[in-house]
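Mind the numbering: the sequence shown is residues 22 to 464 in our numbering, read in order. Where a beta carbon is used, it is the ideal one built from N, C-alpha and C, also for glycine. Below is one structure; the comments refer to it alone.
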Amino acid sequence: MRGAGAADSGFQAYPARSRAAVDWLSAFGLTASVVVLFGVSGGLLWLLGYNYDGLTGSPVTKIHPFTYMAAALFIWRALTFGNPVGYCVHVANRRPAAVLMAFAATALLIIIIMRKGPGMAGAIDAFLGPALFALLLADADERLMARIETILHIVMAANALMALGEFATKTLIFPYRFDGAVFPTDTRSTALQGHPLANATVTACYLLALLSGARRLPSGLRLMMIGLQSAALVAFGGRSAMVVATVLGGAYAAAAVLKTLRMGRVPLLGAAVGVLLLALVPVVVGFLASGGFFDALLSRFASDGGSANARVQMFELFRYLSLEDIIVGPDLQLIESLRRINGLEWGIENPIIRMTLYQGAFLTLVMTFVFGLFMYELTRGCEPGTWLPMIGWLILLNTAETIAAKTTVLAKFSIIILCMYRRRGPAAARPLNRAASPAPGPR
22 MRGAGAADSG
32 FQAYPARSRA
42 AVDWLSAFGL
52 TASVVVLFGV
62 SGGLLWLLGY
72 NYDGLTGSPV
82 TKIHPFTYMA
92 AALFIWRALT
102 FGNPVGYCVH
112 VANRRPAAVL
122 MAFAATALLI
132 IIIMRKGPGM
142 AGAIDAFLGP
152 ALFALLLADA
162 DERLMARIET
172 ILHIVMAANA
182 LMALGEFATK
192 TLIFPYRFDG
202 AVFPTDTRST
212 ALQGHPLANA
222 TVTACYLLAL
232 LSGARRLPSG
242 LRLMMIGLQS
252 AALVAFGGRS
262 AMVVATVLGG
272 AYAAAAVLKT
282 LRMGRVPLLG
292 AAVGVLLLAL
302 VPVVVGFLAS
312 GGFFDALLSR
322 FASDGGSANA
332 RVQMFELFRY
342 LSLEDIIVGP
352 DLQLIESLRR
362 INGLEWGIEN
372 PIIRMTLYQG
382 AFLTLVMTFV
392 FGLFMYELTR
402 GCEPGTWLPM
412 IGWLILLNTA
422 ETIAAKTTVL
432 AKFSIIILCM
442 YRRRGPAAAR
452 PLNRAASPAP
462 GPR
């Protein structure tokens with residue numbers, strides 16, 4: 022009876038929706054976090070005295086500043102909500118898979134600490150940071166999401182322009198460093214996001230998202246961004262990213278053109294732009310050829326630096342392990358020794374294989390399941406078209422260590438999906454339990 026009376030009088034068990042609204046400080050923090058995530062690499066952090074990519078130095082510096090910002094913002098949001106436990110319940114109702122991944126990442130971190138193995142910072146940056154930020158965006162309104170998307174486009178454009186500048190001048194501004202050491206033989210562009218392969222993965226996914234998403238961008242600007250990101254892919258030198266972007270992006274673009282022609286509704290402006298671009302193709306090709314653009318492109322496919330052989334050799338490591346070792350995880354010193362003996366000094370270029378070898382098949386299966394739920398949740402409340410970057414992402418994810426090691430690529434991909442495919446209105450996914458979501462107070 023008391024519950025019914027409370028409902029009739031307009032009072033709710035949860036705070037009013039105004040408490041769930043993002044305050045100005047949180048909005049500023051979310052925007053700044055995106056700038057730091059996409060614009061601050063390990064090379065830049067090294068110049069600031071923060072050894073992120075190395076093994077030496079303080080353990081505090083092994084976690085990216087973005088993750089610290091996400092954690093601080095989550096605590097702030099919980100406090101300003103009025104009831105920290107209520108806030109956790111609120112965001113869990115909005116994005117349960119993100120909460121599940123945060124718990125799974127914490128469990129993975131505890132297991133790594135107990136086994137005294139490497140990768141503690143990896144569990145935090147690769148999984149916990151993206152989960153917390155996805156929860157923070159659950160209450161973001163259209164205005165904030167539009168601002169974050171604008172920042173995303175600006176930083177990605179700057180990243181591509183910087184990559185092309187490094188490619189043309191053969192000078193890396195913020196080169197990838199390991200404990201401060203630069204690799205002089207690796208001349209691939211690093212731009213704002215650090216390692217060339219991470220750059221290539223994010224750029225390819227962003228390029229595919231420009232093709233099937235980003236519907237709020239003007240068509241002309243969108244076309245320019247597609248061309249810019251395509252050129253930057255060559256500067257980053259990621260072979261897999263170039264192939265995936267070319268095959269998936271080319272197929273999608275061809276299908277879109279055929280659909281337009283079949284409908285018989287070709288805009289006059291679009292036709293004029295198309296004719297102009299076709300006329301410029303020979304000029305652009307000649308300019309790129311004279312600058313050595315295609316020579317660099319061909320050299321990336323002519324020599325892979327032993328990458329293909331490494332993908333074969335990683336399966337050989339299982340021959341030295343018992344069934345129990347494969348299920349629960351072998352001795353880590355044994356894996357480190359086997360990796361070096363088999364010529365895998367640069368790592369195991371597949372996240373599932375790497376996590377299985379280091380953490381065991383059971384934990385790998387759990388993390389893979391949680392990751393799949395998180396990927397589904399990202400696209401659940403989005404506009405159509407997310408399948409294109411999602412396919413590209415899942416392919417590229419399996420061409421390197423990626424989320425099985427320390428990386429921020431999952432956080433970047435999550436923001437690309439949530440911003441560039443958001444529906445009109447609130448960006449948060451609809452609650453699973455509408456009765457548990459914050460309801461408006463009495464009018």
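Please state the DSSP three-state secondary structure of residue i.
i    : result
V43  : coil
R401 : helix
A202 : strand
R236 : coil
R136 : helix
R443 : strand
K433 : helix
K83  : helix
N180 : helix
L384 : helix
I369 : coil
R116 : coil
Q214 : coil
F49  : helix
K427 : coil
Nearest-angstrom Cα distance between residue i and residue j?
i    : j    : result
E398 : T190 : 42 Å
E370 : D207 : 18 Å
L338 : L76  : 24 Å
T377 : D162 : 40 Å
D200 : L58  : 20 Å
D160 : F154 : 11 Å
F383 : E357 : 20 Å
N180 : E170 : 15 Å
N104 : N114 : 15 Å
R375 : F336 : 10 Å
M90  : L279 : 45 Å
T385 : G258 : 30 Å
G234 : W408 : 10 Å
E388 : D346 : Glu is not the amino acid found at residue 388; the sequence shown has Met there. Cα to Cα, M388 sits roughly 18 Å from D346.
Using C-beta distances below 7 Å, list every residue in its chain close to residue i, excluding the 5 sequence neighbours before and after it, in chain order.
i    : result
A142 : K83, I84 and K427
S261 : L417 and T420
R455 : Low confidence applies to R455: its pLDDT is 47, below 50, so where it sits in the model is not reliable, and the reading given next is rough at best. Answer for R455: no residue qualifies.
Y227 : M177, Q250 and I437
V56  : I172 and V176
L130 : M141, A144 and I145
Could you tell me how far apart the beta carbons of residue i and residue j are, in whole angstroms, since I believe they sit closer than 8 Å?
i    : j    : result
G413 : L229 : 5 Å
R116 : Y108 : Contact flag wrong, Cβ pair sits at about 13 Å.
A123 : A152 : 4 Å
G364 : Q334 : 6 Å
V430 : T224 : Actually they do not touch by this definition, with Cβ atoms about 11 Å apart.
L94  : L165 : Not quite, the Cβ-Cβ distance comes to about 13 Å (not below 8 Å), so this is no contact.
G64  : R283 : Not confirmed; about 48 Å, so no contact.
L157 : G60  : About 19 Å; that fails the 8 Å criterion.
Apart from the five residues just before and just after residue i, which ones in its own chain have a Cβ nearer than 6 Å to its Cβ?
i    : result
N72  : G78 and T82
A126 : A144, F148 and L149
L182 : none
A256 : A184, L185, F188 and S210
V112 : L156 and A159
Can you give me the Cβ contacts of residue i inside the same chain, cut-off strictly under 8 Å, excluding the 5 residues immediately before and after it?
i    : result
R444 : G402, C403 and E404
I134 : M141
query = Counting Cβ pairs closer than 8 Å, one from the region 356-371 and one from the region 421-441, do we hit at least three?
reply = Yes: the two stretches touch, three or more of their Cβ pairs being nearer than 8 Å.
query = Touch check for the region 242-256 and the region 386-400: three-plus C-beta pairs under 8 Å?
reply = Pairwise C-beta distances place the region 242-256 out of contact with the region 386-400, as fewer than three of them are shorter than 8 Å.
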